[in-house]
Amino acid sequence: MTDTMPPSETALQNNPSRLPPDMRVSPSTWMRKNLFNNWYNALISVVAGVVGALLVFYFGRFVLVTGEWEAVRKNLTLLMTGVYPRNEQWRLVAQMYIIASALGLTWGTVTAQSLDRAEDTGVEKHRPTPIDLLRRYWAVLFMLAVILVLTQTIWPTLFTLSTIAVGLTVRSGAMRLPRSARQPCWYAAAFMAIVSFQVVSGTNGNAWWWTAALAAFIAMQSTANLETTVAWHRTALRIGSIAAAVVVVRIAYWLIGDTSSVSWDDWSGLYLTLVASGAAIILSFPLALLLALGRRSSLPVVRWLCVTYIEIFRGVPFIVLLFIAKIFIDFFLGADTPLSLTTRTIVVFTIFSSAYLAEVVRGGLQAVPKGQIEAGQAAGMQPPAIMRLIVLPQALRAVIPAMVGQFISLYKDSTLFAFISVVDFYRARELIHSQQEFTTTAIFETLVFAAFIYWAISYTMSKESQRLERHLGVGER
Amino acid sequence: MTNTATNTSHVDSDATRIGGRELMVELSGVDKFFGAFQALSNIDMKVGKGEVVVVIGPSGSGKSTLIRCINRLEHHDRGRIMVDGIELTEDVRNIALIRKETGMVFQQFNLFPHLTVIDNITLGPRQVLKMPKKQAEDRAMELLERVKIPEQARKFPGQLSGGQQQRVAIARSLAMQPKIMLFDEPTSALDPEMISEVLEVILELAKTGMTLIVVTHEMGFAREAADRVIFMADGEIVEVGEPEHFFTNPQEERTQLFLSQIL
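So the sequences go chain by chain: A and B. Residues in the first sequence are numbered from 1 upward in steps of one, following this note's numbering. Residues in the second sequence are numbered from 1001 upward in steps of one, following this note's numbering.
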């Protein structure tokens, strides 16, 4: 790269001979060049065109005319939330709003950060327009539209639209916040996401402790950076904020006075699929990081432990692990073990995923040039700081596509839950056909619907990973 | 045959001083092996405070290995290395101390591509010296002024030219307020038109009285900036001398051969 700047736009316009030649071609030219440039390509084009048209026609006719979508329509609640108690479903709606706000907050913060960075570095970055967002998320929006078309009352549509509205409002609010509010925004989003699960499972008993502990941690973190000259002020501030967080949470829970609870084993349907794969993705990531670092450790014991873990869980099929989680734990701890089947499933899912992810991360670690570490060493940095601030950021960036690929296959592996009769989305689809009405009918319809839902979410994940990759690569060599 | 006594003006009877200067770096009897290959053999070298020492020699002669031993990017297998009175041993505290006092500029710049220029410069001071962010950034801006690219502060290394990147790397090393700067072929990866802008910065640094050890192939620079020139071949120090004397009247046959090939 050199210092020389490209000539300005106006200079170019004044001198047409210096503009790049116009490479646009008319549709007919394009077709002649790319589809019919010789007789066998023309033949292939015609045959492929006919077969494609027929497929589109038959599939379109099936979806729009002949398909009997009654099975999906009647069982939409079963597919979405499975056996979650019907009279407690307000909890899921409430969680939807909270998660939407958390996502809006995160999204707004991320966008604002990248706009800041664009401003600082002079790398061009245009604000995403509604058209951009539509193009980015069309698959998932289309999926929502299809689901809503199949609903029988107006409420789900209203809830969904208002959720989206809440998310977008919070997002645009978050983008207007000053730079100093960025860090607290992250904390707030994480807090909301975790607390939303308390709403779902009910807040009776000692559940408030979890929230209080989290709130205290966040309070401690956000007061840690305050610059005061007197040391005991800082200590007092810390203790005070922790105590305040605990008290506020306790009072809030007392005011809410929610005494009912929903067992985690009642989580099911698409909801469980999303929660279990989301949890496994989020939890397996730090675990995989530790395993990958451990595998490169200079301490033989750590290294061998990590290698053993990785090789064992990569060598055993996921379904075997699932059965171990179901049967062995019942066998050893008794059927009344407090570990719910959902918990065990998520734990096994995380363990399984982390073993694969660790290898992906290790690949990234190896891709970071040695000179980067040497530059850190030469500056006198300690190995943990070099790893955290220099090697890992680069290593993880390098393996984003591989990691998201891993996440997508993980998400689809959740279909295996059906084998241990955890009611995930796919198992919920099977349950439809255990109903008298649909034992032999509409099987293809429900399959197409299931395939469509899995595809729409996977596709959006993969598209987002491509965008993330581009976005993080800004201004790098 | 290999000792620092070729030029008598630099030998003092006092073991802690050299040429009237305080002793900054001292290597005695240093050997370094890569497997069975001997990269350095029996290196004796003294560098005084504020001295500018240029190391030249054919590629593979051990120049880079020599200066990489001084801040322990490579460990030496035999002999003794003292930096500012601290001995380099397996003791990680000593290594940390010495690395804090020595800055290094690499042939391939080794800037952190995921951080902006200013973050590249402030990372060390904030992490190692525990400098507050504001102060570190102010200092970084001063240093960027000094290397004449303050306007690039918020850009990423990948957006800069090679010469600019190397100047950022120099600023990054200086931000640690080192007593010694090690330059490992700082201009070898640069396009010809960018070499002079980097050498100018190093030259100015030399005038400030900082101790510099520079491995380079730029003979013009060696002539202008060096207090002493060290010629290495096959892992040994062959000849040491003041630049005038060294370039006009080399004593050793290998030095004469090398100089005739490159000049």
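For every residue, glycine included, the Cβ atom is placed at its ideal position computed from N, Cα and C.
*Verify the CB distance criterion: does E464 of chain A have a CB-CB separation below 7 Å to chain B?*
Mapped onto the first sequence, residue 464 of chain A falls at position 464. It does not; no Cβ of chain B falls within 7 Å.
*Contacts around N1003 of chain B, its chain only, beta-carbon distance under 7 Å, and the 5 residues preceding and following it disregarded*: The residue you call residue 1003 of chain B lines up with position 3 of the second sequence. No answer about N1003 of chain B holds up, because its pLDDT of 44 lies below 50 and its placement is not dependable.
*Could you please give the first and the last residue of the uninterrupted beta strand (DSSP E) stretch that includes G1029 of chain B?*
For the purposes of this step, residue 1029 of chain B is taken as the residue at position 29 of the second sequence. Here the beta strand (DSSP E) through G1029 of chain B covers 1021-1034.
_Would N1094 of chain B pass as an interface residue toward chain A - the criterion being a Cβ-Cβ separation below 7 Å?_
Along the second sequence, one-based indexing puts residue 1094 of chain B at 94. It does not: the Cβ of N1094 of chain B has no partner Cβ on chain A nearer than 7 Å.
*asked:* For a contact defined as C-beta to C-beta under 8 Å, what are the partners of T121 of chain A on chain E?
replied: In the structure shown, chain E does not exist; the protein chains are A and B.
*So, does the CB of I386 of chain A fall closer than 7 Å to a CB anywhere in chain B?*
To locate residue 386 of chain A, count along the first sequence from 1; it is residue 386. Taking Cβ atoms only, chain B never reaches closer than 7 Å to I386 of chain A, which makes this a no.
_E1253 of chain B versus P1058 of chain B - alpha carbon distance_ = Residue 1253 of chain B sits at position 253 when you count from the first residue of the second sequence. Residue 1058 of chain B sits at position 58 when you count from the first residue of the second sequence. About 14 Å.
*Locate the alpha helix (DSSP H) running through T440 of chain A, then write down its first and last residues.*
Looking up residue 440 of chain A in the first sequence gives position 440. Taken as a continuous stretch (DSSP letters only), T440 of chain A belongs to no alpha helix (DSSP H), as it is neither H nor E.
_Report the CB separation of G1209 of chain B from G1050 of chain B in whole angstroms; it is logged as a contact under 8 Å._
On the second sequence, residue 1209 of chain B is found 209 positions in, with the first residue counted as 1. On the second sequence, residue 1050 of chain B is found 50 positions in, with the first residue counted as 1. Contact holds; Cβ gap of about 4 Å.
_Alpha-carbon to alpha-carbon, L1143 of chain B and L322 of chain A_ = Counted from its first residue, the first sequence places residue 322 of chain A at position 322. Counted from its first residue, the second sequence places residue 1143 of chain B at position 143. For L322 of chain A and L1143 of chain B, the distance between alpha carbons rounds to 59 Å.
*Verify the contact flag: G1062 of chain B, CB atom, against every heavy atom of the ligand FMN, threshold strictly below 6 Å.*
Only the bare structure without any ligand can be found here, which leaves the ligand FMN out of the picture.
*Quick one: residues in its chain with C-beta nearer than 7 Å to the C-beta of L144 of chain A, no 5 flanking neighbours on either side, listed in chain order?*
Residue 144 of chain A sits at position 144 when you count from the first residue of the first sequence. So the list reads T160, once near-sequence residues are dropped.
*Under the three-state reduction of DSSP, which class applies to F425 of chain A: helix, strand or coil?*
Position 425 of the first sequence holds residue 425 of chain A. Here F425 of chain A sits in helix by DSSP.
*In chain order, what residues of the segment 360-388 of chain A put their CB closer than 7 Å to some CB of chain B?*
G371, Q372, E374, A375, Q377, A378, A379, G380, M381, A385
*Which residue comes first and which comes last in the alpha helix (DSSP H) that contains K370 of chain A?*
As a first step, residue 370 of chain A is located in the first sequence; it is residue number 370 there, counting from the start. 370-378 is the span of the alpha helix (DSSP H), which, as asked, contains K370 of chain A.
*Answer yes if the segment 1241-1250 of chain B comes into contact with the segment 1062-1078 of chain B, meaning at least three C-beta pairs across the two stretches below 8 Å, and no otherwise.*
no
_When you compare the CB of W394 of chain A with every CB in chain B, is at least one pair closer than 7 Å?_
As a first step, residue 394 of chain A is located in the first sequence; it is residue number 394 there, counting from the start. One detail in the question is off: residue 394 of chain A reads as Gln in this sequence, not Trp. So yes, Q394 of chain A belongs to the interface.
*Run through DSSP, which three-state label would D1077 of chain B get?*
Numbered from its first residue, the second sequence carries residue 1077 of chain B at position 77. If DSSP states are grouped into helix, strand and coil, D1077 of chain B belongs with coil.
*Give the secondary structure of I1149 of chain B by DSSP, where H, G and I count as helix, E and B as strand, and everything else as coil.*
For the purposes of this step, residue 1149 of chain B is taken as the residue at position 149 of the second sequence. DSSP places I1149 of chain B in coil when its eight states are reduced to three.
*asked:* Contact criterion: CB-CB distance below 7 Å. Does N1120 of chain B meet it with respect to chain A?
replied: Counting from one through the second sequence, the residue named residue 1120 of chain B turns up at place 120. Chain A, which has no Cβ nearer than 7 Å to the Cβ of N1120 of chain B, makes this no.
*Reference R427 of chain A; option with closest CA among A:L410, A:V301, A:T446, A:Q436*: One-based indexing of the first sequence puts residue 427 of chain A at position 427. Minimum Cα distance to R427 of chain A is reached at A:T446.
*Can you list, in chain order, the stretches of the beta strand (DSSP E) that have 3 or more residues and sit fully within the segment 1079-1156 of chain B?*
1102-1105
*asked:* Within a Cβ cutoff of 7 Å, which residues of the same chain sit near E1022 of chain B, ignoring the five residues on either side of it in sequence?
replied: Reading the second sequence from its first residue, position 22 is the one you call residue 1022 of chain B. Cβ neighbours of E1022 of chain B beyond the five flanking positions: G1048, K1049.
*Cβ atoms of S414 of chain A and S277 of chain A: under 7 Å apart, would you say?*
Here residue 277 of chain A refers to the residue found at position 277 of the first sequence. Here residue 414 of chain A refers to the residue found at position 414 of the first sequence. Yes, the Cβ-Cβ distance between S277 of chain A and S414 of chain A is below 7 Å.
_I1018 of chain B - DSSP class collapsed to helix/strand/coil_ = Here residue 1018 of chain B is taken as the residue at index 18 of the second sequence, counted from 1. In the structure shown, I1018 of chain B sits in a strand (DSSP, three-state: E or B).
*Report buried or exposed for Y40 of chain A, applying the criterion of at least 16 other Cβ atoms within 10 angstroms of its Cβ.*
Translated into positions along the first sequence, residue 40 of chain A becomes position 40. Exposed, because fewer than 16 other Cβ atoms sit within 10 Å of the Cβ of Y40 of chain A.
*Please list the segments of the alpha helix (DSSP H) lying wholly inside the segment 96-160 of chain A, counting only runs of 4 or more residues, in order along the chain.*
130-149
*asked:* Taking the alpha carbon of V83 of chain A as the reference point, which residue from A:V51, A:V249, A:W267 has its own alpha carbon closest?
replied: As a working note, residue 83 of chain A is residue 83 in the first sequence. Minimum Cα distance to V83 of chain A is reached at A:W267.
_Any C-beta of chain A within less than 7 Å: which residues of the segment 1069-1081 of chain B qualify?_
N1071, L1073
*How is the beta strand (DSSP E) around V1047 of chain B delimited, first residue to last?*
Stepping through the second sequence from its first residue, residue 1047 of chain B is reached at position 47. First-last of the beta strand (DSSP E) with V1047 of chain B: 1037-1048.
*Is Q1261 of chain B buried or exposed, if buried means 16 or more other CB atoms sit within 10 Å of its CB?*
Against the second sequence, residue 1261 of chain B aligns to sequence position 261. Flag for Q1261 of chain B reads exposed.
*Contact set for L1199 of chain B: own chain, Cβ-Cβ below 7 Å, skip 5 residues either direction*: To locate residue 1199 of chain B, count along the second sequence from 1; it is residue 199. The answer, listed in chain order, is T1187, E1218, F1221.
*Under 8 Å Cβ-Cβ, which residues of chain B neighbour R397 of chain A?*
Working through the first sequence from its first residue, we reach residue 397 of chain A at position 397. Those are H1114, listed as they occur along chain B.
*Would you mind reading off the limits of the alpha helix (DSSP H) that contains L978 of chain B?*
Lying outside 1001 to 1263, the shown extent of chain B, residue 978 of chain B is not represented and no answer is given.
_Quick check: the segment 1077-1091 of chain B against the segment 349-356 of chain A, are at least 3 beta-carbon pairs closer than 8 Å?_
no
*For V368 of chain A and A325 of chain A, believed in contact at Cβ under 8 Å, the rounded distance*: Residue mapping note: residue 325 of chain A aligns to position 325 of the first sequence, counting from 1. Residue mapping note: residue 368 of chain A aligns to position 368 of the first sequence, counting from 1. About 36 Å separates the two Cβ atoms, so there is no contact after all.
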